[in-house]
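Visitor: Mind having a look at this structure? Questions to follow.
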């Protein structure tokens, strides 16, 4: 059969399969990410039906998927939002990084993978899934809850941290020296600062330049600008994803809203292709040996994310129930954990890192919606039981104390 015909058959089968899996996940009110990863495992090396002709195209589609994920994330926030969150919520961001990045780094070192893999796995366990969490908040009707701005602030801070973290990872994986790595980071920070400055001072002018009443022209200009900036960023050894994120931040108002609506279907398509591509490069036989470490890491970091959300909500003056809801909502990991692990897999840094990240994300992307729904009721029930047990165990006060006039409100009566 002609190679182009084989390509069309294979790629068409992939897209059709992803559509059916997405429909199934929607009916189950479940994130489709685990199903996409499993599909990649099935079609990859060691899977049921390895791909051939379409793998190169899938690789390009996966790279576009990462760029669109970060662009859409940037469109969610304005430069003013980012600066405000940095000023008011940075303590929560520091606690989040300390509690959730350190377990990943420690696990990599315990497994003997070395410092570079430790930095990579720290990012995998640190960053929550904005996409999964946003969907869960909508499904549970919590977008208007008092604790939701706290959750979103932590996600924004994580996204800002990605602008610094990704260039560091890129430099480490490329094996560049300290001087070159410092230069890469300095360029990334300089570009990020410049974009934020321009967005704050000239955001309206930038949006007006990009704006168009014709959806086709708006789509072409935004998508072309994003790919151009992402390519330039990658050429500078920064990160294509960071470049796309900064383009999203620079756009605001009606332009950002219009671009979001136009690009959402493309984002969903290429993001699904990205998850499949990651699964393609993971041999299913390599997952069982790392399943136990992945499970242990998932349990530990689920607990640390709950603690992070609880602390941040408490600091914001949220009630106890709201604190538990905030903590349970942050548990899910997903797209960005896979993006970070994907960089390491492409660089060939550690063969077992990809399988462990896949198993880890599969566990937490399934567990995340459950903790978001049930952490608060379970914590409330356990708290009620402890209070009842404490009341039962407490000695019964003497009758004289029970009839104390001060306690029963009779003091001072005639």
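Residue numbers (this note's numbering): -5 to 408. Cβ coordinates follow ideal geometry from the N, Cα and C atoms, glycine included.
What is the DSSP secondary structure of residue 208, counted as helix, strand or coil?
Guide: Reduced to three states, the DSSP call for residue 208 is coil.
Visitor: Since I believe residue 115 is in contact with residue 347 (beta carbons under 8 Å), could you give me their beta-carbon distance rounded to a whole number of angstroms?
Guide: Indeed, because the Cβ distance is near 7 Å, the residues count as touching under 8 Å.
Visitor: Cβ atoms of residue 141 and residue 307: under 8 Å apart, would you say?
Guide: Yes, the pair counts as a contact, with Cβ atoms nearer than the cut-off.
Visitor: Spatial neighbours of residue 149 within its chain, please: CB distance less than 7 Å, with the 5 preceding and 5 following residues excluded, ordered by chain position.
Guide: Excluding positions up to five away in sequence, the list reads 122, 124 and 127.
Visitor: Just the Cα atoms here: how many angstroms apart are residue 30 and residue 7?
Guide: Approximately 13 Å, taken between the alpha carbons.
Visitor: Count the CB pairs spanning the region 373 to 388 and the region 196 to 210 that are closer than 8 Å, and state whether there are at least three.
Guide: Segments in contact, no.
Visitor: With burial defined as no fewer than 16 other Cβ atoms inside 10 Å of the residue's Cβ, what is the status of residue -5: buried or exposed?
Guide: Low local confidence applies: a pLDDT of 49 at residue -5 is under 50, so the model's placement there is unreliable, and no value is given.
Visitor: Quick check: does the Cβ of residue 51 come within less than 7 Å of any heavy atom belonging to the ligand ADP?
Guide: For the structure depicted, the ligand ADP is absent and the ligand set is empty, with no information on it obtainable.
Visitor: Span of the alpha helix (DSSP H) holding residue 120?
Guide: That run of the alpha helix (DSSP H) goes 109 to 120.
Visitor: Under three-state DSSP, which class holds residue 225?
Guide: Three-state DSSP puts residue 225 in a helix.
Visitor: By a C-beta neighbour count over all protein chains shown, 10 Å radius and 16 as the cutoff for buried, is residue 94 buried or exposed?
Guide: The residue is buried, with at least 16 neighbouring Cβ atoms inside 10 Å.
Visitor: Between residue 28 and the rest of its own chain, which residues show a CB-CB distance below 7 Å, the 5 nearest in sequence each way excluded?
Guide: Excluding positions up to five away in sequence, the list reads 356, 359 and 360.
Visitor: Report the residue ranges of all alpha helix (DSSP H) runs contained in full by the region 250 to 316; include only those spanning at least 4 residues, in chain order.
Guide: Taking only runs of at least 4 residues, the alpha helix (DSSP H) segments lying wholly in the region 250 to 316 are 282 to 309.
Visitor: Quick check on the DSSP output: the alpha helix (DSSP H) that includes residue 28 runs from which residue to which?
Guide: Where residue 28 is concerned, the enclosing alpha helix (DSSP H) stretches over 27 to 37.
Visitor: So, with DSSP's three-state summary, where would you put residue 325?
Guide: DSSP places residue 325 in coil when its eight states are reduced to three.
Visitor: Can you tell which of 329, 353 and 317 has the C-alpha that lies nearest to the C-alpha of residue 370?
Guide: It is 317.
Visitor: Tell me whether the region 252 to 262 and the region 57 to 76 touch, counting them as touching only if at least three CB pairs, one residue from each stretch, are closer than 8 Å.
Guide: Contact between the region 252 to 262 and the region 57 to 76 is present, because at least three Cβ pairs lie under 8 Å.
Visitor: Please identify the residue among 379, 288 and 51 whose C-alpha is closest to the C-alpha of residue 2.
Guide: The candidate whose alpha carbon is nearest that of residue 2 is 51.
Visitor: Quick check: the Cα distance between residue 400 and residue 309, rounded to an integer number of angstroms?
Guide: Low per-residue confidence applies at residue 400: pLDDT is 41, beneath 50, and the placement is therefore not dependable, though the value from the model is reported in the following sentence. Straight-line Cα distance between these residues: approximately 36 Å.
Visitor: Using a 10 Å radius around the Cβ and a threshold of 16 neighbouring Cβ atoms, would you call residue 363 buried or exposed?
Guide: By the neighbour-count rule (16 or more Cβ atoms within 10 Å), residue 363 is buried.
Visitor: Evaluate residue 133 with the Cβ neighbour count: other Cβ atoms within 10 Å of its Cβ, from every protein chain shown; 16 or more gives buried, anything less gives exposed.
Guide: It is exposed - the Cβ of residue 133 has fewer than 16 other Cβ atoms within 10 Å.
Visitor: Return the chain-ordered list of same chain residues with a C-beta closer than 6 Å to the C-beta of residue 280, the five sequence neighbours on each side being excluded.
Guide: Hits under 6 Å: 349.
Visitor: Counting C-beta neighbours from all protein chains within 10 Å, is the total for residue 245 16 or more, i.e. buried, or is it exposed?
Guide: Residue 245 is buried by the Cβ-count criterion.
Visitor: Identify whether residue 199 lies in helix, strand or coil by the three-state DSSP scheme.
Guide: Of the three classes helix, strand and coil, the one that applies to residue 199 here is helix, per DSSP.
Visitor: What is the DSSP secondary structure of residue 11, reduced to helix, strand or coil?
Guide: Correct three-state label for residue 11: helix.
Visitor: Thinking C-beta only, is residue 205 closer than 8 Å to residue 236?
Guide: For residue 236 and residue 205, no; Cβs fall outside 8 Å.
Visitor: What three-state label does DSSP hand residue 136 in the structure shown?
Guide: Coil, per DSSP.
Visitor: Just to confirm, is the Cβ distance from residue 97 to residue 294 under 8 Å?
Guide: Cβ atoms of residue 97 and residue 294: closer than 8 Å.
Visitor: Confirm, please, whether the CB-CB distance from residue 343 to residue 167 is below 8 Å.
Guide: Yes.
Visitor: By a C-beta neighbour count over all protein chains shown, 10 Å radius and 16 as the cutoff for buried, is residue 90 buried or exposed?
Guide: So residue 90 ends up on the buried side.
Visitor: Is residue 16 helix, strand or coil by DSSP?
Guide: In the structure shown, residue 16 sits in a helix (DSSP, three-state: H, G or I).
Visitor: Considering only the beta carbon of each residue, do residue 273 and residue 15 sit closer than 8 Å?
Guide: Against a cut-off of 8 Å, the Cβ pair of residue 15 and residue 273 comes out as no contact.
Visitor: In chain order, what residues of the same chain lie with their CB nearer than 6 Å to the CB of residue 25, ignoring the 5 residues before and after it?
Guide: Taken in chain order, the residues that qualify are 126 and 359.
Visitor: Whose C-beta lies closer than 8 Å to the C-beta of residue 177 among residues of the same chain, with five residues either side of it excluded?
Guide: Contacts found: none.
Visitor: Kindly indicate which three-state DSSP category residue 23 falls into: helix, strand or coil?
Guide: Of the three classes helix, strand and coil, the one that applies to residue 23 here is coil, per DSSP.
Visitor: For residue 264, would you say it is in contact with chain B, using Cβ-to-Cβ distances shorter than 8 Å as the test?
Guide: Considering every chain present, this structure includes no chain B. It has just one protein chain.
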